[in-house]
Every structure is written in C-alpha cells, then in structure tokens.
Amino acid sequence: MRAEPDRLLSSSATALDEPLAGDEWWRSAIGADTVPAPGPGKPITIVDSGLDMSHEEFASRPNTQTLNPQTTTLEDDDHGTEVASVIGAPINGRGLAGVYPQAVLRSWDASPFGFITTSAAVRGITDAALHGPGVINLSFGGDVPDPLIEDAILYAYRRGSLVVVSAGNGGLEGNPITYPASYPHVLTVAATNERNAVTSFSSRSHFADLAAPGARIKVAEPVADDASGYIFAAGTSFSSPMVAGAATWVWTSRPDLDNTQLFDVMRFSAQDIGPSGYDDATGFGLLDIPSALDFPAPARDPQEPNDDIEQVSPKGLFAGGQPAIVRPSHRVGTLAARLDRYEDPRDLYRAYLPAHGTLTARTSGGAVDLRILPAGARTLESRPLASSARPGKQADTATAHSSGVRGVYVYVDVRLAPGTARSSYALRVTSAARP
-12 MRAEPDRLLS
-2 SSATALDEPL
8 AGDEWWRSAI
18 GADTVPAPGP
28 GKPITIVDSG
38 LDMSHEEFAS
48 RPNTQTLNPQ
58 TTTLEDDDHG
68 TEVASVIGAP
78 INGRGLAGVY
88 PQAVLRSWDA
98 SPFGFITTSA
108 AVRGITDAAL
118 HGPGVINLSF
128 GGDVPDPLIE
138 DAILYAYRRG
148 SLVVVSAGNG
158 GLEGNPITYP
168 ASYPHVLTVA
178 ATNERNAVTS
188 FSSRSHFADL
198 AAPGARIKVA
208 EPVADDASGY
218 IFAAGTSFSS
228 PMVAGAATWV
238 WTSRPDLDNT
248 QLFDVMRFSA
258 QDIGPSGYDD
268 ATGFGLLDIP
278 SALDFPAPAR
288 DPQEPNDDIE
298 QVSPKGLFAG
308 GQPAIVRPSH
318 RVGTLAARLD
328 RYEDPRDLYR
338 AYLPAHGTLT
348 ARTSGGAVDL
358 RILPAGARTL
368 ESRPLASSAR
378 PGKQADTATA
388 HSSGVRGVYV
398 YVDVRLAPGT
408 ARSSYALRVT
418 SAARP
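If you're matching positions, the sequence shown starts at -12 in our numbering and goes up one per residue.
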C-alpha cells in the first residue's frame, strides 16, 4: 500500500405503514412501493460517521452490526445515522422505513474525531470487503484524488463487492471533479427531486452512472441533535444509499449475479429521465427497482479490476496478481469481456511468451484496439511488442516474437477505440514455441 497524508473528507449532504411514511415521497419514484423487499440476504456496509444504536430505528433492529466502535456525539456525527436510515430503517411501527428494511446492515465509523479521514475510510472499506462480498456505500468525497482510497476500492471490487458513491454537491459550484465519485469501478449516484428532475446541487460529470432521490429526504437523526429523532435532509449523500440499498435488495433476490453484472444491471435498468440516452446529470437515468429485478444480466466481466499493470502483476497491488490467460502448460486462452470509457477503460491480461516463440492475440466483435506490452513494461504507454488498431469493429490481430532464451510473461492490452463509449469483445490468445 502507498503512504499518503491523511486528508479531511466532506460528507455529500445538504443539511409501508410507518408513522412518517407520508413523507417518503421517494418510494414511489424508484418503485420501492410496487414490489416487496426480501428478507435478510447480502450485506451492506456504510463507511461513514458512527451509527446511533440508541435511536429507535436501530436499538432493537435485527441484522445490524457495528464493525468498530461508533461515535455519535461530535459535530457531523449524525451523518452515518441518516444514511443508514435511508438504507435500512426497519418496519417497526416507529418513524420511517428504509429502501430495504430487513437488510443485513453494517456500519464502520470512519470519523472517530468528528470528521472522516483517509486512513479511517481505507480501513473501513477494507474491512467491509473482508466481510463481503456485499455492497459498500461511501457518501463522502473530496476534490483531491487519494491513491489509498482508490486502492481500497479496487481491493473491495477485486474481492467481489460493489462500491456505491455519491456524485457530490457541486452543481452550483462549477461541478468540480470529486473523488471517489470519479474513480472507475464505482457506481456514482446523482440526486433528483420530487419532479424526477436532477437537483440544482447535484454534481454533473461523465462519471455519473444513475440518479436517485436526494431532495427533501426524511431521515433518522440522533435525538441529541434533534429531539424528534427525524429531520429532512438533502444531498447526493442520500441518493447514494438509496441505490446501495436497492442494489443489495436486487443482489439478495438475484444471488447468481457477481459484482460486475450487478454494476451494469443497476445502471442500465434505470429509467431514462433526462435527454434521451446517457447524460452527465443523471447518468443512465433514475433508479428503478422493479426493472433492476428483471433486467437481463450481461455475462460476467472476468479478472476485474485489470486496468493497469499493478493490478495484474504478481508483484503489484494484489497478492499473486491475476492468473495468466496463457501459460507454459496452457497455450490457448479465450474469454469475453467489456469496456467502458469511464468505468473500465482498458483490460490488461498476462500471457506467456515462450523462448524463441510467438504469442498471438486476436480480438473480435468489439470496437477495441490491441497491443502486446513487454514483460518489463512499467506503464501502459510503454513501447509495444506488437499492436493493431483497425477501424470500427474489425478484428485486430497482434503477434509478438521472442528471441530470448527464457520465456516471459507479457501483457495483452485491450482498450476502447477512440470515440467509443463502451464495447464488448472476444479475445483469443495463443502461444507457440519454436519447433
């Protein structure tokens, strides 16, 4: 892991038959009132400020676990309780109901001193991943990229979890790029209002995947902060847990999905509410739970994350790296995968090039380009051993030759063709030793 300075991270909030159900206008907007939510299943973890376990929504709630000590008495310590209520406030005859009332709900307090820090967030994401696979909600962000948080997210994704994050509240401030919302492999959620239109405060960017209600959201509040125990809140902080809770619901109902499939099911099943097709304000559209429950799943996307050398190399970010698609004992490898300009911009695969032999890679069916990088490549822009970039969806073939006395593992690099937003492809790699 890298050594990086601690940074303060701001929360993405702008400060059934339950008594407050009438205030939960959002339930009908996302279809939560048209199909019954399941019982306990896949876990969901919030990495946020502490959860007030004395609140009437959580004091006796089943399937609720704190993964570390929780603090709720400092400034902004209410945020985690608010977020948790959007996800999983139970049907208990008190207050309100979350999007998935019986969710297996876990909380990691990443703000033991009243503010979320990098080190605490990294530990929370990592611990949630170890307790997974499940869904992890991050309703916080900052304007400085943090490699440690990005690595933790990649670790969680590698272990099979889905990470859902708030888009940010910079819509009235020029839409600055924020993190982790702008990282690949996170489901980034914008905010809508009661008219199913994007809110003015919701950040617009190419990284938005879908939207969910985030204005005038009734949430649980620690009684120490409000005697009633409930307030109205606004922000993408509350849109994100709505999607995270819904994704956990869908995953519980469709346990055969992996995280790469769930990722695309949630965004591609969204109801288009902005300009036709994808847009920077709402992504693919408004969260639609009934649609997500039935939406056809794509094939699993193998070996993710594999966007960079450090993510696949045995000496990189993950112990053991990714398995080679071609090995000395396995000379032919095939797979099908997909790319997305902002969520999964390239795929890198290790492959064995025999001594005095050849390695041939061929892509078909997708608008992608192909390169073979040398064993000693340090970056993706290293000079390739071979490459092919035919226009459109024409098949690409690249062959690397070895004159060395030892076989080496090289990298097959598949990336989107210029101007392509997303594409699926098939890959076949073969190696041959000199007779």
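Built from N, CA and C at the ideal position, the CB exists for glycine as well.
Between the segment 42 to 52 and the segment 255 to 275 there are fewer than three inter-stretch CB-CB distances shorter than 8 Å, so the stretches are not counted as touching. DSSP places I260 outside any beta strand (DSSP E), giving it a letter other than H or E. For Y329, same chain residues with a beta-carbon under 7 Å away, outside a window of 5 residues either side, are P171, H193, F194 in chain order. A buried status is given to V109, since no fewer than 16 other beta-carbon atoms sit within 10 Å of its beta-carbon. One thing to note: L346 has its Cβ no nearer than 8 Å to the Cβ of L360. The three-state secondary structure of D138, taken from DSSP, is helix. Within a 10 Å sphere around the beta-carbon of T165 sit 16 or more other beta-carbons, which makes this residue buried. Contact between the segment 173 to 187 and the segment 146 to 160 is present, with at least three C-beta pairs closer than 8 Å. Rounded to the nearest whole angstrom, the CA to CA distance from S190 to T32 is 24 Å. In the DSSP assignment, W95 falls within the unbroken beta strand (DSSP E) covering 91 to 96.
Here F250 is buried: its Cβ has 16 or more other Cβ atoms, across all protein chains shown, within 10 Å.
The three-state reading of DSSP puts L280 in helix, counting H, G and I together.
For the pair P25 and D96, the Cα-to-Cα distance works out to about 27 Å. In the structure shown, the three-state DSSP call for G320 is strand. Of the residues H66, D63, D133, the one whose Cα lies closest to the Cα of S169 is D133.
L117 is classed as exposed because its beta carbon has fewer than 16 other beta carbons within 10 Å across all chains shown. Check the Cα spacing between G28 and each of V122, P341, L340, G406: the tightest is with V122. Nearest to R402 by alpha-carbon distance, out of L335, S390, G391, is L335.
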